[in-house]
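First comes the structure, then the notes that go with it.
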Amino acid sequence: SIYNPYRYFLRAKKRQEEVLGRMLNKAVVTQEEYRRALEEPLNIIPPQVSFRAPHFSDFVLSRIPLKERQNISSIRTTLDIELQKDVETFVKNCVESLEEWKVTNAAVLIMDNENGEILSLVGSADFFDSHHSGQVSGVTALRQPGSALKPFTYALALETESLRAYPGS
């Protein structure tokens, strides 16, 4: 939001003043309430990560029907929390090191191919970074495949001899 006080404090403060002014003009608040509200200090406390692996948690919850969630007291998962911490650090470091190339986010999924267990799922470099869509999981977000499929297309073409390295070869 353009009025997010964590990112745009002055803009949010100005908006607060505008809204309070409208409330005063419409007699929703008294002059005294208006004055006190403007004098009240704004203590902006950034959100703290209260849980580990937020994208993984969202992923797990999305697989449980809403009606069943209220009856669940615990959920057992395959997440390797130590690996998760390492991957989160790795993703943040990679994004920071690629900043000059305008890389703003990254995602990683680590699975055990034999049994399909998810060992680590990092959907973004920072879940709470709204400026770079941190709450959107790059692992589960739908997107166009683009160039990711080209190697398979070219491999098939080379395998079936539909494509040759040089004309006439």
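Residue 30 in my numbering sits at position 28 of the sequence shown, with consecutive numbering throughout.
Backbone N, C-alpha and C define an ideal beta-carbon position, used for all residues, glycine too.
Does DSSP put residue i in a helix, in a strand, or in coil?
i, result
"residue 26", "helix"
"residue 110", "strand"
"residue 136", "coil"
"residue 72", "coil"
"residue 143", "coil"
"residue 155", "helix"
"residue 84", "helix"
"residue 8", "coil"
"residue 53", "coil"
"residue 129", "coil"
"residue 102", "helix"
"residue 118", "coil"
"residue 59", "helix"
"residue 89", "helix"
"residue 40", "helix"
"residue 64", "helix"
"residue 78", "coil"
"residue 19", "helix"
"residue 95", "helix"
"residue 164", "coil"
"residue 3", "coil"
Who are the Cβ neighbours of residue i in its own chain at under 8 Å, not counting the five residues just before and after it?
i, result
"residue 59", "53"
"residue 33", "26"
Would residue i and residue j qualify as a contact pair, given that the criterion is a beta-carbon distance under 8 Å?
i, j, result
"residue 125", "residue 142", "yes"
"residue 97", "residue 127", "yes"
"residue 7", "residue 46", "yes"
"residue 55", "residue 123", "yes"
"residue 17", "residue 133", "no"
"residue 57", "residue 135", "no"
"residue 105", "residue 93", "no"
"residue 19", "residue 40", "yes"
What does residue i pair with, by DSSP beta-bridge criteria?
i, result
"residue 124", "110"
Just to confirm my understanding: we take residue i, look at its own chain, exclude 5 residues before and 5 after, and list those with CB closer than 7 Å. What are they?
i, result
"residue 95", "none"
"residue 77", "62"
Quick one: residues in its chain with C-beta nearer than 6 Å to the C-beta of residue i, no 5 flanking neighbours on either side, listed in chain order?
i, result
"residue 85", "121 and 122"
"residue 82", "121"
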